[in-house]
Each structure stands twice: as structure tokens, then as C-alpha cells.
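Trainee: Protein chains in written order, with the working numbering: chain A, 1 to 255; chain B, 1 to 411.
Backbone N, C-alpha and C define an ideal beta-carbon position, used for all residues, glycine too.
Okay, here's the structure, questions in a sec.
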Amino acid sequence: MTKTIAMAGKGGVGKTTVAALLVKALSQKGLVLALDADPSTNLNQALGLPLDDSQTVGSIREKMTEDVSKGTLSPTIPKQEYLFGKIVESLAESRGFDLLAMGRPEGPGCYCASNRFLRDSLDKLVHDHKYDYIVMDCEAGLEHISRQTTRDIDVMLIMSDPTIRGITAAGRMKKLIEELRSNVGRAGLIINRVRGDLTPEMRKAVEDSGLEVLALIPEESGVSDLETTGKAVVDLPAESSLQRKVQEIVDNLSL
Amino acid sequence: MEGEFHVDIGPQYEGEVIRKENLYIEFGGPKVSHRFELATVKSADEIEHEKVEIIGPDIGDLQPYDEEKGGGSYPIGILVDVAGGELDKDAEAIIERRIHMFTNMIEGWYHMNQRQDVWIRMSKECHDKGFASLRELGEIYILLYTSEMPIIEAIQVTIITDEKKVAELMPHALEVYSARDERARTLNDEDVDTFYGCVLCQSFAPTHISIITPNRIANCGAINWFDGRAAAKIDPEGPIFAIPKGEVIDAIKGEYSGANAIEADKSLGNYDRVFLYSAFEHPHTSCGCFEAIVYYIPEVDAFGVVHREYRGETVIGETFSRMAGESSGGKQIEGRLGTGLEQLRSPKFIQADGGLERIVWLPKDLKERFKDALEAKGLYDKVATEDDVKNVDELMEFLERTGHPWLKGEV
Chain A
1 MTKTIAMAGK GGVGKTTVAA LLVKALSQKG LVLALDADPS TNLNQALGLP
51 LDDSQTVGSI REKMTEDVSK GTLSPTIPKQ EYLFGKIVES LAESRGFDLL
101 AMGRPEGPGC YCASNRFLRD SLDKLVHDHK YDYIVMDCEA GLEHISRQTT
151 RDIDVMLIMS DPTIRGITAA GRMKKLIEEL RSNVGRAGLI INRVRGDLTP
201 EMRKAVEDSG LEVLALIPEE SGVSDLETTG KAVVDLPAES SLQRKVQEIV
251 DNLSL
Chain B
1 MEGEFHVDIG PQYEGEVIRK ENLYIEFGGP KVSHRFELAT VKSADEIEHE
51 KVEIIGPDIG DLQPYDEEKG GGSYPIGILV DVAGGELDKD AEAIIERRIH
101 MFTNMIEGWY HMNQRQDVWI RMSKECHDKG FASLRELGEI YILLYTSEMP
151 IIEAIQVTII TDEKKVAELM PHALEVYSAR DERARTLNDE DVDTFYGCVL
201 CQSFAPTHIS IITPNRIANC GAINWFDGRA AAKIDPEGPI FAIPKGEVID
251 AIKGEYSGAN AIEADKSLGN YDRVFLYSAF EHPHTSCGCF EAIVYYIPEV
301 DAFGVVHREY RGETVIGETF SRMAGESSGG KQIEGRLGTG LEQLRSPKFI
351 QADGGLERIV WLPKDLKERF KDALEAKGLY DKVATEDDVK NVDELMEFLE
401 RTGHPWLKGE V
């Protein structure tokens, strides 16, 4: 069974860094598909992989739609097969994990058929490659979750900074995801850049959000260094406190 | 088969994926610019039965993929030449597609895509087991072709890795592919017994069903008859399914008993007839996301076509979105037809109503896009655009001046 872990959270809270570390940690245990579903961040960069903008699922779909409307796509090659081939070609393969960038969501026009083919292709990809884990780095708008994957989410990790507003936003995100998806197994909160302990006000906000706190990442863990320098998590020292925190999350959730 | 080859062969290996970590060498794929596979039906005297020829360096001569240095991706051309009394040109595409299945049946081999996108990988384990020559691959192809396709009486396989040679032969392969596509485009509704239905849009339009035939693409423009066939084969119970064509009730209007039956069933009983080639009588229902609308202009008794990307007002003063709002939702509306754009090239496009010759207005973009089709019917200079006319009065004057065949009664 493939376990699907979704990372969500607004920009600048360290979501992509933690997602990359999670990919690394899980790739020690099994094969991981890393889905970069946030067009505004670069999971590939955090994972130390080269960026190729032309090869996102969104651009493949756009290209296909364009070729179809121009009549330049071979009429005899089924679009399902064409799309699947292009998706496999766009996988960035690495040790223990593959990365797939979703790119931008669709423009105007009808996407019923192409999104259907896309969902089927992603399902086939997961099935054929026998991934043990899927780690999705999701955007706040959650477009990709609602449209392009049919999978249930086993664990949803929502990141926040240590502010009341951040935690409240995380709670709203949880509700939104639950509305969009038929099934979310477990939802948890990771609070980043925590100085000392949570204030009583923050504890109250956490309680109201309906989320359980899975981890508090201390300010000095080095997340912000990575985020400000744009360095890959692979450049982190092997036994950094951040890496240990992520490993703890993996252990606590029995992933 | 065991003992004869270095690895096992069978359908159990078809789902096997070879990732980079496990890659020994790859041929074709996105990193290689020269790659193709081609099956050709020849006469028996042109074929040396069971011959395998390798042109260019073999697996043992090539640097394998290296995790540090990369590389290990090479050009490939695969020629499968066959002969048989029962074989004709149409069999070539089917025989060629078997390369995909047969390669995937080999333990440690992985095949993706087709034609000039071919991508083949061989695993490290396969190399460790002693698979060191493409000749073995060719021999396996011959074994599988002759055992699984008895229609093939003689076969020879040529595998080319020499980049110059692959580049030299590729243009011919591309020509063959486009000739095949051309033949597919001329497939007509008369030639098949099965149409396909698509209800992907029923969440928006519960009474809408797209009927997809060789001469009629789905309204969204995304699914043609070949796509329908592929989808229905994978998941016959899914949203895209086969429709037996049934009896031809009216060949000009495009009325088929099979299409009527499915229309009645899927439209929740709202409609029991559909004319596939008419915008007037029992026109095809429209979902919400057709690429274009064919709309009737009563003053000139002809049609205009407007597509989704056109933002302005049409010659009748209505925008695409306004018309789309009125025409969508799975209704049959006489004189308003949601359509895929490529339908304009179909020989059966509103044939009951006069076909392309009855089109008098198109947005400039569409007129350019379908220039060849319009020119073929001598219509290119006679169809008005937003640049030529602003309203129906101007349109009438324009058509008079240019001598549009529909208004002159020549159609």
C-alpha cells in the first residue's frame, strides 16, 4: 500500500524544506514519489535536483491541449498513452525517490477529459513504479489536490509559524482539505521557528484549529538558513537537529 | 524459452519499471534526439527469414550509465520487416506496436512510448545475467512475433545504434507515421461498427452525452474515435464506453439506431433521437465546455461559428459566453450546436444542412486556422470575419459582394 503524505502551509513557513527532508527520510525506508504541487516553490531545489520548467505536468497538459486544438497530435496515438509517456519522461529520478513537478493549474477551456487522463496517468505511475510513499508539497490553494489526484491522504501535515494567525490559518486549511477530499487519515500541525515554549494563547489557537501538534521545530534548527540561502537539504549536516525532528515525525506517525 | 536466452520472458514482466538507480543502459528516450521504431510489410523475397542485423556499436561496446558521470543513453532505430500472404499495409501499425509489449515481456527490459518517442531501458541485473548483445533482443522479437502472430510468415529485425544511420533513416519513418495518420483521418463512420460515448461532463450537464465517431470528435475537442476506443478497452464500464452503431436510419442526417438508444438512456429520457450531422434537427446535445458554437443567422439562412477564445461580439451581437450559457447544459437546441473545432474539417460537419459551405462568418483566428479547409472549397475569401463586418446588414452586403456560394444557391 502506498502511503500518501500531504504537506500544506502558507508561504515562508518552511514547508518545502520539511517536505524535502521528509522525502529524504522516507527514501531510506522505501521508494518515494515527491510531488511538487506548489507552483510557487521549488521542491526540486530543496532536494538538490536541477530545475526544468518545460517539464511540469501542467506544461505537458497545456502542450497536449494545444496540439489537439491545432490538430498536430497523431490521431491514432491514444492521448492517455501519450500523456503517460510524457509524465514518465518528466520524472526526475534520484536515489530512493522520483520527483514530479505539477506546474501551473489549468487556464480557461474544458479540462474534463485531460484532467481525467492526468488522474489516470498518475494512478498508473504510482501503480507501475510501486511507490511506497507519496509526499506532496501542496500550495495553499490546493488546486492540485482537488483536481488531479484521486488518492486519499493518509497523513496531512500543516506547517505554521509560531503566530496565532498562522495557526488559525492552518486550521482553516485543514477544513478546506477535508471538504475537497473524501478521505484524510490523520491531520497534524508542525510549528516552525518556535522560541522556547508555546504561549497559552497559541495553545488555545491550536486547540481551536482541531489539529494535533506533531512537532515543534526550534528557531535554531537551521531551517531559516536553508530558506534564505536556497541551499538544498542534502547540504545539511547528517545529524542536524532539523533532520532529527523530521525523523521523529516519521517515527511518531509510524510511517 | 529458458536456457535459450539469458533472461526469462513472459507477461509477468510487463509491469516491470526500470528506474535510473537500476539502469545499465538506455536507448532512445528524452535525452536522445535520434530514435524510432518501424514495422514494414514487404514481399517474401525481400526478407531473409529470422535474420537479425545490428548496425552500430552493441551493448558491450557502449559505456553504461554511471551515477556520477551520467551518460548511457544512445540512439536507436528498430526495423521490423515482415512478410505474409494475409498481411497488408494496415497491419504495420499493429505489428509495430507489439514492439512495446514484446520488449516489456523481457525480464529486465522496459519500453515506453512509440514511433519517434521510443525509449528502451535495460537493467543492471539483466546485464549481470549475461545479456550483452542487441542480437539477443532481435532474436527474442523474432521468437515472439512468429509464435504470437502466425499471420507473419517471414520476419527480419534490424537494430541500429549508429547515430548517422538512425538520423538518415528517421525522415522515412516520420513520413510513414504521417501517412498512417492521414489514413486514420480519412476513416469514416461507414467504416466502423462501433461508436463511443463520453459522459465525463455529466457532472455539469446530466443529460449530455458526447457521441464520438470517426467523423465526429467530442465537443471538448479532446477525445477522438481512437481515444474512445483506447479508453473503452482499458475500462469498459468507465465514463467513455462503446456504443454499437446499430442500423443506419439516415446516412445524410447521421441518424443511427445505436446512437438513438444511448441518447435516450443517458439523457435520462429527455431525448430519443440524435442527428449527428445536423445543427437543425435533433442536434447533438452540448455540455458546458465545447470548443466552439455553430449558430444560426436567420437573416442569411446560414451559420456562423465562434470559439471560446474569441472575446468580442459575433456578427449577431452576442458573445461566445452568452451563447454558451444558452446552449449548454445537455440540451438539444435547434440552430445552436456545441462542437469541437476539428469538426470543421470533418466531411460530415453539418452535412445535412449544407456543410462548411453554409458557414458565412468566423472569427479571424479561426478563418486562418482553417484556411486550407476553406480554400479547398473555394470559401476562404467569401467568409466574413469581425474585421469585415460588424452586424448582419454588413454581413449580407459582404456575402452579396463576394458571391458566397450558399447565398447564390450553388450548394
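(1) In this structure, how does DSSP classify B:V157 when only helix, strand and coil are distinguished?
(2) What residues in the segment 1-34 of chain B have a beta carbon less than 9 Å from any beta carbon of chain A?
(3) With 16 as the cutoff for other CB atoms within 10 Å, does B:P75 come out buried or exposed?
(4) Skipping 5 residues on each side, what residues in its chain have a beta carbon closer than 6 Å to that of B:E92?
(5) The segment 115-136 of chain A: which residues have C-beta closer than 7 Å to a C-beta of chain B, in chain order?
(6) At a CB-CB cut-off below 7 Å, which residues of chain A make contact with B:A184?
(7) Please list, in chain order, the chain A residues whose beta carbon lies closer than 9 Å to that of B:M112.
(8) Span of the alpha helix (DSSP H) holding A:D123?
(9) For A:P219 and A:A19, I'd like the C-alpha separation in whole angstroms.
(10) What is the rounded straight-line gap between the Cα of B:G197 and the Cα of A:I217?
(11) Can at least three beta-carbon pairs, one atom from the segment 188-208 of chain B and one from the segment 311-319 of chain B, be found at a separation below 8 Å?
(12) What residues in the segment 22-34 of chain A have a beta carbon less than 7 Å from any beta carbon of chain B?
(13) Counting only the same chain and skipping the five closest in sequence on each side, list residues whose C-beta sits under 6 Å from that of A:L214.
(14) Any chance the segment 344-359 of chain B sits against the segment 379-386 of chain B, with 3 or more Cβ pairs inside 8 Å?
(15) Skipping 5 residues on each side, what residues in its chain have a beta carbon closer than 6 Å to that of A:A6?
(16) So within the segment 7-36 of chain A, which uninterrupted alpha helix (DSSP H) runs reach at least 4 residues, ignoring any that extend past its ends?
(17) Return the residues of the segment 89-119 of chain B that lie within a Cβ-Cβ distance of less than 8 Å from chain A, sorted by chain order.
(18) Taking the beta strand (DSSP E) that B:E168 belongs to, which residues open and close that run?
(19) Give the secondary structure of B:V315 by DSSP, where H, G and I count as helix, E and B as strand, and everything else as coil.
(20) Find the residues of chain A that neighbour B:F226, judging by a C-beta separation of less than 7 Å, and give them in chain order.
(21) Are there 16 or more other CB atoms within 10 angstroms of the CB of A:H127, so buried, or fewer, so exposed?
(22) Nearest chain B C-beta to A:V194 closer than 8 Å, yes or no?
(23) Roughly how many angstroms lie between the CA atoms of A:N183 and A:Y133, to the nearest whole one?
(24) Just verifying my parser: in three-state terms, what is the DSSP assignment at B:P347?
(25) If we define contact as Cβ-Cβ less than 8 Å, is A:S59 a contact residue for chain B?
(26) Under three-state DSSP, which class holds A:V88?
(27) Which one of B:I18, B:Y177, B:N260 and B:I55 has the shortest CA to CA distance from B:Y65?
(28) Is the beta carbon of B:G254 less than 8 Å from the beta carbon of B:F195?
(29) I'd like the list of long-range same chain contacts for B:Y145, defined as Cβ closer than 6 Å, with 5 residues on each side in sequence excluded.
(30) What residue does the alpha helix (DSSP H) around B:V389 start on, and which one ends it?
(31) Whose Cβ in chain A lies nearer than 9 Å to the Cβ of B:L337?
(32) For A:K79, I'd like the list of residues in its chain whose CB is within less than 7 Å of its CB, leaving aside the five on either flank, ordered along the chain.
(33) Would you mind giving the Cβ-Cβ distance between A:C32 and A:Y131, rounded to the nearest angstrom? I have them listed as a contact below 8 Å.
(34) Can you list, in chain order, the residues of its chain whose CB lies under 6 Å from that of B:R180, leaving out five sequence neighbours each side?
(35) Return helix, strand or coil for B:R19, following the three-state DSSP convention.
(36) In whole angstroms, what separates the C-alpha of B:N104 from that of B:M170?
Mentor: The answer reads as follows:
(1) strand
(2) G15, E16, V17, R19, K20, E21, L23, G29 and P30
(3) buried
(4) A39 and V41
(5) R116, D128 and H129
(6) P75 and T76
(7) F84, G85, V88 and E89
(8) C112 to H129
(9) Note that residue 219 of chain A is Glu in the sequence shown here, rather than Pro. The straight-line gap from Cα to Cα measures roughly 18 Å.
(10) 54 Å
(11) no
(12) none
(13) G188, I190 and I249
(14) yes
(15) M136, C138, I153 and M156
(16) 15-27
(17) A93, M112, N113, Q114, R115, D117 and W119
(18) Unbroken run through B:E168 is the alpha helix (DSSP H), E163 to R185; no beta strand (DSSP E).
(19) coil
(20) P75, T76 and P78
(21) exposed
(22) no
(23) 17 Å
(24) coil
(25) no
(26) helix
(27) B:I18
(28) no
(29) I152 and I155
(30) It is not in any alpha helix (DSSP H) - B:V389 carries neither H nor E in the DSSP assignment.
(31) Residues of chain A passing the Cβ test: none, with the nearest at roughly 16 Å.
(32) M64 and F117
(33) Here residue 32 of chain A turns out to be Val, not Cys, going by the sequence shown. Right, their Cβ atoms sit about 6 Å apart.
(34) A93
(35) coil
(36) 23 Å
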